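Chains as they are written, first to last, in this note's numbering: chain Y, 55 to 678; chain R, 55 to 678.
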């Protein structure tokens with residue numbers, strides 16, 4: 055039982071999400087007994103006020119009476135710090151326009167917050183009840199910059215009642231996302247400030263795009279009133295299908311659940327039901343298991359030309375059977391197209407690694423009953439060590455090993471098929487174009503390159519989580535600017551893609567042009583349909599391996615169950631609020647010189663920014 | 055089974071040290087089978103060469119033959135990274151004076167090290183076999199500064215055989231500590247470089263002070279040859295009492311054990327025996343349990359005058375029953391000395407916190423059947439909140455609460471006994487002198503202060519661990535110099551106290567002098583009996599509470615089972631090698647101005663350093 059831990063430890067093989075559930079308890083007579091009872095009902099934490107209304111406090115009249123509320127000794131500090139979400143008195147109104155109410159509220163707020171710090175609770179919960187919360191934002195932000203170690207949970211309704219009120223005019227409608235957005239902007243998007251959403255009634259569940267935008271926010275918990283439960287045929291309380299679907303949307307970002315009730319009795323049914331829901335809604339997918347635990351984690355793109363890959367990287371690659379089966383299909387179709395007068399077709403695998411594509415080529419040879427000669431070109435001597443072993447024990451003399459860089463190696467013969475897997479998350483970002491332009495020297499003029507082509511895509515992105523990850527994980531030897539001028543490969547989870555992705559750059563192989571130019575420039579325009587926060591751009595790619603055999607990580611065409619690539623994110627320096635209906639425009643460059651290739655980017659609309667990463671000063675892909 | 059994890063997870067209540075044991079395996083035919091077998095015997099990891107002597111490698115003759123050794127695919131990357139300590143070929147001699155041997159060795163060394171990196175093993179083990187290892191040090195250091203993520207284990211004998219060889223003259227005797235010390239100095243004391251010690255035969259076990267010095271080193275493992283085991287009366291192999299005592303010395307710093315054997319058969323007996331030894335030698339001490347897990351962890355000293363303590367700090371304090379029982383004894387002796395004509399003696403507890411000393415005073419009143427009036431002065435409003443509750447439910451009107459700073463409060467009457475617990479790890483370092491000088495205003499002229507006096511102590515310290523903790527945990531907003539000019543409170547474990555502690559500063563209360571001066575200066579001289587590395591000074595204190603009732607954290611007089619205070623460490627900027635027989639001299643100041651108190655210190659001998667923390671620029675204790 056704890057409000058902090060989110061995951062089961064390794065070794066728990068049960069395939070489900072952990073549904074961490076808290077119970078809202080209003081002014082229990084004995085907090086200790088209330089926690090004990092919540093624990094027995096199966097709850098993981100308790101949401102409650104730390105001051106009791108019995109302790110009326112009038113702080114502004116003379117010397118304050120020192121008694122604040124419950125004594126800290128009713129729980130052990132470990133219990134305070136694990137199980138208690140401290141809800142501040144909701145009637146405190148530091149944004150009141152009535153001066154004495156404002157002053158009294160401020161004194162009460164600071165006293166309660168100080169007491170929460172004294173108790174060491176992990177979370178302080180506050181509610182937004184109106185549009186303007188400037189005073190509250192200032193007080194919370196002041197606390198944050200002085201090194202507040204706990205978290206603030208800011209509660210708003212997922213949909214403001216005015217949205218569906220028959221008596222509210224269009225100009226009276228409130229958007230609770232705007233309340234939240236204003237508030238966390240005051241607090242400089244601090245990672246200690248999360249949002250808690252009150253679930254709406256079924257009939258007021260918002261549109262998909264509104265929910266999408268919430269998924270791009272640091273949602274910490276959903277509040278579920280017990281009145282939303284309906285009785286199933288077995289007489290057990292369950293949520294309606296639409297509520298279940300709504301909850302499923304939030305499963306990926308691991309929110310917690312707060313059960314709110316006015317009734318007494320057996321409250322275990324609700325936490326049991328959520329536990330059951332976690333099992334039911336969790337989509338078990340063995341292929342996705344080994345990428346769990348790296349959600350929203352920043353990875354620097356590989357530099358395979360200058361650094362040898364290590365054995366664990368090869369192993370992760372090789373686990374993606376979908377990718378290599380697809381490659382094998384492409385090699386098969388290509389081999390079928392090699393003219394019959396070529397007695398023994400030559401297949402060159404460039405960047406062979408530990409040999410998965412060599413194996414795919416040999417599989418095709420076996421399937422088609424057609425003898426082939428395979429060259430495996432690999433510059434990493436430690437991967438060659440493995441290939442030697444595989445030649446000796448698995449492949450025999452069908453395969454010739456070459457321990458050299460594909461850009462300088464001089465082959466004894468030319469190839470019919472050139473196979474490579476040099477693509478990064480953004481297609482060309484691991485210098486596949488430069489490598490294959492070099493390697494095609496040993497491809498016959500009518501030879502086939504697998505892949506034949508690849509295209510990069512971009513889309514505007516809202517992810518406060520990623521903005522904070524970049525800001526908070528600066529290595530000691532880098533400036534913050536350097537960190538924002540660098541793309542990251544990320545298993546994106548807590549994000550909102552603001553508009554559909556659009557094609558950016560395309561490369562084709564072989565490229566027999568007299569002059570090959572791999573520099574590129576393009577401007578893309580996206581329509582922003584609802585107000586949101588732009589924090590950067592997310593990149594994808596797709597590739598035609600051969601004919602109709604393709605691989606893709608573009609969200610709309612993503613190859614099923616393929617996990618080899620995560621999206622790439624190009625950040626902006628600062629989050630930018632973009633109004634619904636406006637246009638987001640970006641300029642994007644691929645630039646190169648003798649030593650390196652790099653990207654530059656800048657926002658053109660709705661605001662112009664300076665060009666990021668000029669001259670590749672913060673990030674580049676080295677050629678040597 | 056893993057070479058990395060050292061502790062049982064929380065919740066394992068078995069009272070013993072985990073004895074993590076590895077098996078040295080020389081050139082197994084099948085590494086996979088060897089690991090499987092070691093696992094079944096109960097070992098946690100395996101020490102073995104990653105290249106096989108069958109793969110003769112002649113790197114300098116023309117193009118290197120690419121095959122290095124075993125293929126990486128015989129184990130999964132997770133297995134390489136958890137279970138394998140890679141021992142480099144011991145015949146590699148990069149420090150050979152024969153040029154071609156040196157060049158060939160360097161090529162082999164770099165290839166093996168590169169292969170170890172490729173495999174992702176957690177540890178690379180190398181052996182020092184002679185005095186001068188400059189080339190090896192340079193190669194390892196070059197790897198370290200390029201971001202080596204694994205560890206190096208450097209193996210030396212705990213005692214060099216020349217020390218007890220009858221044919222070695224005094225000038226031919228080698229000190230293996232010097233070998234190790236030279237090597238890690240080349241590597242700038244990098245935390246990734248640890249030492250592995252070969253256990254000596256019983257008759258060559260070194261002196262206590264030599265072992266003490268090893269305890270101050272980053273010892274990662276002890277090598278135990280199976281030939282050291284003797285058969286007990288049950289026919290089971292055990293270690294002799296002297297070997298057991300030697301191992302017990304290393305228990306506190308959590309070394310691992312490597313079993314080295316030439317024999318075949320059931321090797322589980324050795325790991326079972328070490329497991330048993332862990333249970334047998336572990337000194338269970340319930341009072342020490344709650345300080346486990348903070349070994350060698352840097353804590354910043356409290357600033358109780360400017361920051362309110364939080365509930366978990368009070369709770370930790372209150373758990374130390376030894377301390378409060380001793381306080382109660384002192385209060386009892388003091389109350390017995392209050393003249394009988396004082397009808398109701400007044401006891402003022404200043405800095406009452408959540409009331410443990412108030413409770414002690416009331417206990418004494420009950421024991422002596424003498425009514426007392428207790429004032430509890432406390433400035434923290436959240437602690438006062440607790441005290442209000444205790445007055446209401448436990449103490450009633452015997453206790454008067456005062457929510458004010460003891461330095462400004464004006465009491466209605468003067469006290470017979472003034473009780474406080476304002477002492478830090480260095481005695482005066484939480485400004486007890488300044489606070490009690492202020493608070494004695496409300497002590498009767500013949501009144502008693504508990505404590506009556508306290509004294510700080512200093513001793514020279516070797517702890518590479520702490521030097522590295524300071525260097526590697528620099529907060530983003532501080533310079534490295536600031537970090538070295540700050541004292542830290544530390545539960546010291548991996549350290550060597552170079553000489554006995556000496557008294558530094560003493561303070562007495564009440565202090566009725568006309569002019570009170572709490573500034574101090576003293577020079578201390580310590581004799582260094584054996585060559586070692588000075589990294590700073592460690593501070594302690596003792597206090598006379600009243601008459602013969604004392605508390606102490608001085609190592610020679612430490613109050614049994616008291617855990618409220620850990621030692622304090624004053625670092626130096628750089629480790630300094632000090633020869634056996636030389637003198638270590640330090641100048642130490644306590645300085646104050648209107649706003650703050652601070653310490654300055656500098657080494658006078660064997661080398662002069664600049665004065666650390668001038669003007670309190672990096673660390674001071676604030677008065678307001």
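All residues carry an ideal CB built from backbone N, CA and C; glycine is no exception.
Treat the numbers as computed from the prediction; the structure is a model and nothing was measured.
Starting from the beta carbon of residue i, find every residue of chain Y whose beta carbon is closer than 8 Å, and list them in chain order.
| i | result |
| --- | --- |
| residue 168/R | 362, 435 and 436 |
| residue 130/R | 369 |
When you compare the CB positions of residue i and residue j, do they come within less than 8 Å of one another, or not?
| i | j | result |
| --- | --- | --- |
| residue 564/R | residue 593/R | no |
| residue 187/R | residue 149/R | yes |
| residue 175/Y | residue 131/Y | no |
| residue 675/Y | residue 483/Y | yes |
| residue 537/R | residue 518/R | no |
| residue 100/R | residue 155/R | no |
| residue 630/Y | residue 588/Y | yes |
| residue 133/R | residue 179/R | no |
Below 9 Å on C-beta distance, what does residue i contact in chain Y?
| i | result |
| --- | --- |
| residue 579/R | Result: empty, since nearest Cβ-Cβ is about 39 Å, beyond 9 Å. |
For residue i, would you say it is in contact with chain R, using Cβ-to-Cβ distances shorter than 8 Å as the test?
| i | result |
| --- | --- |
| residue 80/Y | no |
| residue 294/Y | no |
| residue 523/Y | no |
| residue 187/Y | no |
Kindly list, in the order they appear in chain R, the residues whose Cβ is closer than 9 Å to that of residue i.
| i | result |
| --- | --- |
| residue 408/Y | 125, 126 and 127 |
Find the residues of chain Y that neighbour residue i, judging by a C-beta separation of less than 7 Å, and give them in chain order.
| i | result |
| --- | --- |
| residue 443/R | 125 |
For residue i, would you say it is in contact with chain Y, using Cβ-to-Cβ distances shorter than 8 Å as the test?
| i | result |
| --- | --- |
| residue 172/R | yes |
| residue 122/R | yes |
| residue 660/R | no |
What separation, rounded to the nearest whole angstrom, lies between the Cα atoms of residue i and residue j?
| i | j | result |
| --- | --- | --- |
| residue 603/Y | residue 616/Y | 14 Å |
| residue 333/R | residue 308/R | 14 Å |
| residue 606/Y | residue 511/Y | 11 Å |
| residue 265/Y | residue 251/Y | 11 Å |
| residue 300/Y | residue 259/Y | 8 Å |
| residue 368/R | residue 285/Y | 48 Å |
| residue 330/Y | residue 317/Y | 22 Å |
| residue 381/Y | residue 556/Y | 25 Å |
| residue 476/Y | residue 485/Y | 7 Å |
| residue 610/Y | residue 582/Y | 18 Å |
| residue 59/Y | residue 208/Y | Low per-residue confidence applies at residue 59/Y: pLDDT is 37, beneath 50, and the placement is therefore not dependable, though the value from the model is reported in the following sentence. Cα-Cα distance, rounded: 20 Å. |
| residue 653/Y | residue 465/Y | 33 Å |
| residue 63/Y | residue 136/Y | For residue 63/Y, the pLDDT reaches just 28, beneath the cut-off of 50, and the residue's location in the model is therefore unreliable, leaving the point undetermined. |
| residue 271/R | residue 185/R | 19 Å |
Strictly below 7 Å CB to CB, what residues from chain R border residue i?
| i | result |
| --- | --- |
| residue 134/Y | 365 |
| residue 440/Y | 125, 126 and 127 |
Let me confirm a value: residue i is counted as buried when at least 16 other C-beta atoms fall within 10 Å, else exposed. Which label applies?
| i | result |
| --- | --- |
| residue 16/R | A query on residue 16/R cannot be resolved here, the shown segment of chain R reaching from 55 to 678 and no further. |
| residue 313/R | buried |
| residue 632/Y | buried |
| residue 214/R | buried |
| residue 566/Y | exposed |
| residue 421/R | exposed |
| residue 575/Y | exposed |
| residue 90/Y | exposed |
| residue 412/Y | buried |
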